[in-house]
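I have placed the structure first, in the form of structure tokens, so that the comments after it can refer back to it.
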Amino acid sequence: MKNSNLQVEVFKGKEASVNSYIFNNTKSIVVMDVLRNSKEALELAKYIKSKGLPLTHILITHGHPDHYIGMDCLKREFPEAQIVVSIPEVKQDIIGFSKWMESIGWLDNEPNLKPKSEENPTGFDYENQIEALDNTSLTLEGGGTLELSNDYNPAEAEHLTTVYSKDLNALFTSDFCYNGVHLWLGQGVDATHIAHWKAQLETFKARYQDTDLMIYPGHGASSDVQLFDVVLKYISDFEATVANETTKEDALTKMKELYPDWEQSDFLLAYSVDYHFSLKANE
Ligand SMILES: [Zn+2]
């Protein structure tokens, strides 16, 4: 069988150091995850437009805002593109997160993402704008298939989609992997979620350890299969730090010492330490 001309490019977001992935087969484009704010999403849209090809799908891997806030901007720039998720649960996670963000004022900077309602008829119509695919794959117009998996226990998020491409010999792990960026171990990522996360990384490792598969994480640089060990070690270091340090400040200092070059210590790490010290206080 002839290989498709499928290629992938990474568009690196600044806020949250989150990645957007652009799949291009020289006939059409699919973009996976679309950044934490509309301003950066507009830069992403401009970049995609520079390719001169139709954008057919905006694939969102999970219901965290750093992966979906840009979708309103992308949809405005590419009205023909369909916003898709792999399963209805991801759509519900997105809606739940946006309702919560609106309730605490976090969408005041992104008013277009406030959910459409009777009080807010011009808000974002999550129900009708996001389509849950029935398929376990997404085939690009003109060839090349992205294999979608979502059969995972709740870990970094309640529901996560990963993408495998045989043509690219690559696994897009979404937020099962971070590389050089502090992991989100904040709100919701409790001991059970962490146990699932580690178990899934061990599963990936066992499945792919003797391959030359490329690993593309949700945040940070691409890598080979050794990245699973890097993430496992980070989680163990984080757990030990929370257990051993007396104060949040000490834990933050310790993690920064262990990972001096990793990005997002003020945001992702700070929230993660905060959350786990609140769990510790309630033990
Ligand atoms: Zn993320």
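Each residue of the sequence shown is one higher than the one before, counting from 1074 in the working numbering. Note that the Cβ used here is the ideal one computed from N, Cα and C, for glycine as well. All of these numbers come straight from a predicted model, not from anything done at the bench.
Can you tell me whether DSSP reads residue i as helix, strand or coil?
| i | result |
| --- | --- |
| tyrosine 1225 | coil |
| serine 1295 | coil |
| valine 1262 | coil |
| lysine 1085 | strand |
| proline 1138 | helix |
| proline 1188 | strand |
| serine 1093 | strand |
| valine 1107 | coil |
| lysine 1353 | helix |
| proline 1290 | strand |
| isoleucine 1168 | helix |
| proline 1269 | It is histidine, not proline, that sits at residue 1269 in the sequence shown. Helix at histidine 1269. |
| threonine 1099 | coil |
| aspartate 1339 | helix |
| tyrosine 1344 | helix |
Compare the C-alpha of residue i against each of the options and name the closest.
| i | options | result |
| --- | --- | --- |
| valine 1091 | Tyr1332, Ile1160, Trp1257, Gly1196 | Trp1257 |
| arginine 1280 | Glu1192, Pro1290, Phe1301 | Phe1301 |
| serine 1222 | Asn1185, Ile1203, Ser1190, Ser1247 | Ser1247 |
| proline 1184 | Met1328, Ser1111, Tyr1094 | Ser1111 |
| isoleucine 1203 | Ile1167, Ala1228, Gly1178 | Ile1167 |
| glutamate 1082 | Ile1156, Leu1241, Glu1153, Glu1162 | Leu1241 |
| lysine 1189 | Lys1329, Ser1171, Leu1132, Glu1318 | Ser1171 |
| valine 1163 | Tyr1199, Arg1149, His1232, Asn1201 | His1232 |
| glutamate 1220 | His1137, Leu1244, Ala1316, Val1303 | Leu1244 |
| tyrosine 1225 | Leu1286, Lys1239, Ser1159 | Ser1159 |
| histidine 1140 | Lys1119, Val1107, Leu1286, Gln1165 | Val1107 |
| leucine 1341 | Gln1080, Ser1093, Pro1138 | Pro1138 |
Using C-beta distances below 8 Å, list every residue in its chain close to residue i, excluding the 5 sequence neighbours before and after it, in chain order.
| i | result |
| --- | --- |
| glutamate 1113 | Gly1086, Lys1087, Glu1088, Gly1143 |
| lysine 1148 | Ile1131, Ala1154, Ile1156, Gln1202 |
| alanine 1343 | Leu1325 |
Rounded C-beta distance between residue i and residue j? I'm assuming under 8 Å.
| i | j | result |
| --- | --- | --- |
| leucine 1115 | cysteine 1146 | 5 Å |
| serine 1296 | isoleucine 1308 | Not confirmed; about 16 Å, so no contact. |
| serine 1123 | asparagine 1098 | No, serine 1123 and asparagine 1098 are not in contact; Cβ-Cβ is about 17 Å, not under 8 Å. |
| leucine 1213 | phenylalanine 1084 | About 17 Å separates the two Cβ atoms, so there is no contact after all. |
| threonine 1234 | threonine 1129 | At roughly 17 Å, the Cβ-Cβ gap does not stay under 8 Å, so threonine 1234 and threonine 1129 are not in contact. |
| proline 1227 | histidine 1269 | 6 Å |
| lysine 1353 | glycine 1215 | About 52 Å separates the two Cβ atoms, so there is no contact after all. |
| threonine 1314 | methionine 1328 | 6 Å |
| glycine 1259 | tyrosine 1348 | 5 Å |
| valine 1298 | threonine 1284 | 6 Å |
| glycine 1136 | glycine 1178 | At roughly 19 Å, the Cβ-Cβ gap does not stay under 8 Å, so glycine 1136 and glycine 1178 are not in contact. |
For residue i, which residues in the same chain have their Cβ closer than 7 Å to its Cβ, ignoring the five residues on either side in sequence?
| i | result |
| --- | --- |
| leucine 1305 | Lys1271, Leu1274 |
| lysine 1187 | Glu1175, Leu1180, Asn1193, Gly1196, Phe1197 |
| isoleucine 1121 | Ile1095, Ile1102, Val1104, Leu1128 |
| glutamate 1229 | Asp1248, Phe1249, Trp1257, Val1262, Trp1270 |
| glycine 1253 | Gly1293, Ala1294, Asp1334, Trp1335, Glu1336 |
| serine 1338 | His1255, Lys1329 |
| glutamate 1356 | none |
For residue i, I'd like the list of residues in its chain whose CB is within less than 6 Å of its CB, leaving aside the five on either flank, ordered along the chain.
| i | result |
| --- | --- |
| proline 1161 | Ala1205 |
| phenylalanine 1151 | Leu1128 |
| valine 1346 | Lys1321, Ala1324, Leu1325 |
| aspartate 1310 | Leu1331 |
| tyrosine 1237 | Glu1220, Leu1244 |
| valine 1303 | none |
| lysine 1278 | Phe1301 |
May I have all residues whose beta carbon comes closer than 7 Å to any heavy atom of ligand 1, sorted in chain order? Ala1089, Val1091, His1137, Asp1139, His1140, Asp1248, Trp1257, Gly1291, His1292
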